[in-house]
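Below is one structure, written out as structure tokens, with a few remarks after it.
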Amino acid sequence: TILENLTYGLSRPPAAEAVLRALRTVRLDDFVASLPGGLDYEIHEDGSGLSSGQKQRLTIARAFLRQPRLLVLDEPSANLDEATEAAVVDTLRALKGVCTVIIVSHRPGILRGVDHAFDMAAACGDVPPETP
Numbered sequence: 070t071i072l073e074n075l076t077y078g079l080s081r082p083p084a085a086e087a088v089l090r091a092l093r094t095v096r097l098d099d100f101v102a103s104l105p106g107g108l109d110y111e112i113h114e115d116g117s118g119l120s121s122g123q124k125q126r127l128t129i130a131r132a133f134l135r136q137p138r139l140l141v142l143d144e145p146s147a148n149l150d151e152a153t154e155a156a157v158v159d160t161l162r163a164l165k166g167v168c169t170v171i172i173v174s175h176r177p178g179i180l181r182g183v184d185h186a187f188d189m190a191a192a193c194g195d196v197p198p199e200t201p
């Protein structure tokens with residue numbers, strides 16, 4: 070279920086308000102409320118029933134429930150269209166001041182609004198790999 074996915078791995082269940090706050094932060098609260106069963110909506114093994122963006126934001130909400138001080142995301146907007154990527158960017162902006170977020174990405178769109186960006190290719194001189 071949505072709730073089981075959000076609370077997976079937690080030693081004790083979070084308060085209902087914490088779950089709702091996490092869903093609001095990632096802008097999934099209205100979507101989940103519209104599902105048959107809400108938080109008890111079953112997610113299939115293959116994730117069908119949720120879009121790629123909803124899955125990404127659900128994963129961020131799960132991380133947010135753990136109240137991390139540091140969140141490292143590797144390609145958080147992979148396979149997302151521009152509109153969904155923008156929603157994920159807004160979600161990450163909502164974490165500003167709550168925790169430090171490090172984003173690893175090839176997509177410049179996900180980096181909109183970051184405080185600092187480090188271009189590894191430029192820093193390393195964009196050296197091609199050696200051939201054997």
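Residue numbering for the sequence shown follows the numbering used here, starting at 70 and increasing by one per position.
Heads up, the beta-carbon is just placed ideally off N, CA and C, and yes, glycines get one too.
| Item | Value |
| --- | --- |
| Residue range of the alpha helix (DSSP H) that includes Leu89 | Ala85 to Thr94 |
| Complete runs of the alpha helix (DSSP H) confined to the region 111-136 [at least 4 residues] | 121-134 |
| Which residues DSSP lists as bridging Ile171, in chain order | Val141 |
| Ala152 versus Leu79 - alpha carbon distance | 31 Å |
| Outcome for Ile171 when other beta-carbon atoms lying within 10 angstroms are tallied against a minimum of 16 | exposed |
| Reference Leu104, options Gly194, Gly118, Thr94 and Cys193, closest by Cα | Gly118 |
| Val101, enclosing alpha helix (DSSP H) - first and last residue | Asp98 to Ser103 |
| Meets three-Cβ-pair contact criterion under 8 Å: the region 160-170 and the region 185-192 | no |
| Straight-line gap, Ala132 to Val158 (C-alpha atoms, nearest Å) | 15 Å |
| C-beta contact flag for Thr70 and Leu108 at 9 Å | yes |
| Collapsed DSSP secondary structure at Pro177 in the structure displayed | helix |
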